[in-house]
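Peer 1: When we follow the working numbering, the leftmost residue of the sequence shown carries the number 3, and every step to the right adds one.
Glycine included, each C-beta is placed from N, C-alpha and C at the ideal position.
Here the structure is a predicted model, which is why all the values come from computation and not from measurement.
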Amino acid sequence: MRKGIKTNLGGYLMSSDHGENERSAWAVSTDIKVNWGDMDALGHVNHSVFAKWMETVRMIYFSKIGMMDLYDESNIGPILARIEIDYKLPITFPDVVRVSTSVSRIGNSSFDMKYEIESMSKQGKSVARGRVVCVLLDYNSGKSQNIPNELRKSITRLEGDFYPTED
Numbered sequence: 003m004r005k006g007i008k009t010n011l012g013g014y015l016m017s018s019d020h021g022e023n024e025r026s027a028w029a030v031s032t033d034i035k036v037n038w039g040d041m042d043a044l045g046h047v048n049h050s051v052f053a054k055w056m057e058t059v060r061m062i063y064f065s066k067i068g069m070m071d072l073y074d075e076s077n078i079g080p081i082l083a084r085i086e087i088d089y090k091l092p093i094t095f096p097d098v099v100r101v102s103t104s105v106s107r108i109g110n111s112s113f114d115m116k117y118e119i120e121s122m123s124k125q126g127k128s129v130a131r132g133r134v135v136c137v138l139l140d141y142n143s144g145k146s147q148n149i150p151n152e153l154r155k156s157i158t159r160l161e162g163d164f165y166p167t168e169d
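Written out as structure tokens, the structure is:
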């Protein structure tokens, strides 16, 4: 990953940490302002923006577990194999959404991440839920790679006692 991108995540990383005594069901959360340009002709946030918000919090998560370092060192990193979003309520400008994520399953070379998007103008009500399947890929060969033990340990440190594994 380009160093500039990693550096630019700094502001998000600071805003996404939970307080020391605060326990959350989510490993990483960040607040994102809804922009006027996020809305479509129907007067609500376009469906594609939800995927961008999920991508933003996913990159914060990857930063915290060292995924970007792995990519920089070996050209091995995640690629999306699947994305699902269930829309529950519309969002309009102005608003702030809290986007949260956690790993929900770890396999040999793939892992799932779950998402929750909440509207602050709707008192934190859930407006969408999502899920992605990521495959660890060697970008030189184009082949999937087993998830390294060090990356698994980083996920465990971030997630706490919960360690999702494939059955």
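1. When you compare each of Asp140, Ile149, His46, Gly144 to Ile78 by their alpha carbons, which one comes out closest?
2. Kindly identify the DSSP beta-bridge partner or partners of Ile87.
3. Tell whether a beta-carbon distance below 7 Å holds between Val135 and Ser112.
4. Check whether the Cβ atoms of Ile34 and Val105 lie closer than 7 Å to each other.
5. What residues in its chain sit with their C-beta under 8 Å from that of Asp88, if we drop five residues either side in the sequence?
6. In this structure, what does DSSP give as the bridge partners for Asp114?
7. Here's the rule I'm using: 16 or more other beta-carbon atoms within 10 Å means buried, otherwise exposed. How should Leu44 be labelled?
8. Would Gly126 and Glu120 qualify as a contact pair, given that the criterion is a beta-carbon distance under 7 Å?
9. Looking at C-alpha atoms only, which residue of Asn151, Lys155, Gly109, Ile93 is the closest neighbour of His49?
10. Which of the three DSSP states, helix, strand or coil, is assigned to Asp71?
11. If we ignore side chains and look at the alpha-carbon of each, how far apart do Ser143 and Ile81 end up?
12. Assign Leu82 to one of three DSSP states: helix, strand, or coil.
13. Does the Cβ of Asp40 have 16 or more other Cβ atoms within 10 Å, making it buried, or fewer, making it exposed?
14. Checking the sheet assignment: what are the DSSP bridge partners for Ser31?
15. Got a sec, what are the start and stop residues for the alpha helix (DSSP H) Asn151 sits in?
16. Please classify Ser18 as buried or exposed, where buried requires at least 16 neighbouring CB atoms within 10 angstroms.
Peer 2: In short:
1. Asp140
2. Gly132
3. yes
4. no
5. Ala130, Arg131, Gly132
6. Arg107, Val135
7. exposed
8. yes
9. Ile93
10. helix
11. 14 Å
12. strand
13. buried
14. Ser102
15. 151 to 161
16. Confidence at Ser18 is low in this model, with a pLDDT of 48, below 50, so the placement of that residue should be treated as unreliable; the coordinate-derived value is given next. So Ser18 ends up on the buried side.
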